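Asks: Residue numbers (the numbering used here): 1186 to 1329.
1. Rounded to whole angstroms, how far is the Cβ of residue 1249 from the Cβ of residue 1203, which I believe are closer than 8 Å?
2. Does DSSP put residue 1227 in a helix, in a strand, or in coil?
3. Which two residues bound the contiguous alpha helix (DSSP H) that contains residue 1301?
4. Just to confirm my understanding: we take residue 1220, look at its own chain, exclude 5 residues before and 5 after, and list those with CB closer than 7 Å. What are they?
5. Closer than 8 Å by C-beta to residue 1198: which residues in its own chain qualify, once you throw out the five before and the five after it? Chain order, please.
6. If you scan the segment 1256-1303 from start to end, which runs of the alpha helix (DSSP H) of 4 or more residues do you find wholly inside it?
7. Assuming residue 1255 and residue 1316 are in contact, meaning their beta carbons sit under 8 Å apart, how far apart are those beta carbons, in whole angstroms?
8. Please report the straight-line C-alpha distance between residue 1231 and residue 1224, rounded to a whole angstrom.
9. State yes or no: is the beta carbon of residue 1266 nearer than 8 Å to at least one beta carbon in chain C?
10. Restricting to Cα atoms, I'd like to know which of 1253, 1261, 1272 is closest to residue 1193.
Set out below in structure tokens:
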């Protein structure tokens, strides 16, 4: 979580005094209510511990990486730890993870409506749309 906070701070320090800080109010978008403010840190820690136990996806082949990234991205998105800028900070975090394990990533392949729909589906732990999205975004091994 500390790394995600640093990413958020780097992105938004010139815009928000609270950049990089966990939100202190409950928030929602349309019909989606994000993680209760009191559960943000414990729930985020569960996700980050799971990714750490998976060695940050090191050694995953592309298909396995797509599934893992879709699930963890969707779950972390439901936590929505910041008041604003969650998606941008998360995309950078996951870009770092994907590139670190040796794969290209290209967010330009994503259509906005598809992205929003995939994240909404993930609210109910249906990661199929996010898997399709990440299948387009995650490219070949770097250098191949």
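We treat Cβ as the ideally placed atom computed from N, Cα and C, and that holds for glycine. As the structure is a prediction and not an experimental result, all values here were calculated from the model.
Replies: If we stick to the structure as given:
1. For the purposes of this step, residue 1249 is taken as residue 64 along the chain shown, with counting starting at 1. For the purposes of this step, residue 1203 is taken as residue 18 along the chain shown, with counting starting at 1. About 36 Å; that fails the 8 Å criterion.
2. The residue given as residue 1227 occupies position 42 in the chain shown. In this structure, residue 1227 counts as helix in the three-state DSSP scheme.
3. As a first step, residue 1301 is located in the chain shown; it is residue number 116 there, counting from the start. Its alpha helix (DSSP H) spans residues 1297-1307.
4. Residue numbering aside, residue 1220 sits at position 35 when the chain shown is read from its first letter. Only 1228, 1263, 1264, 1265 meet the Cβ criterion.
5. Numbered from 1 along the chain shown, position 13 holds the residue referred to as residue 1198. Cβ within range, chain order: 1204, 1205.
6. 1271-1285
7. Locating residue 1255 in the chain shown gives position 70, where the first residue counts as 1. Locating residue 1316 in the chain shown gives position 131, where the first residue counts as 1. Confirmed, Cβ separation roughly 4 Å.
8. Here the question's residue 1231 lines up with position 46 in the chain shown. Here the question's residue 1224 lines up with position 39 in the chain shown. Rounded to the nearest angstrom, the two C-alpha atoms are 11 Å apart.
9. Given the protein chain composition of this structure (a single chain), no chain C is represented.
10. For the purposes of this step, residue 1193 is identified with residue 8 of the chain shown, where counting begins at 1. Checked all of 1253, 1261, 1272; the closest Cα to residue 1193 is 1272.
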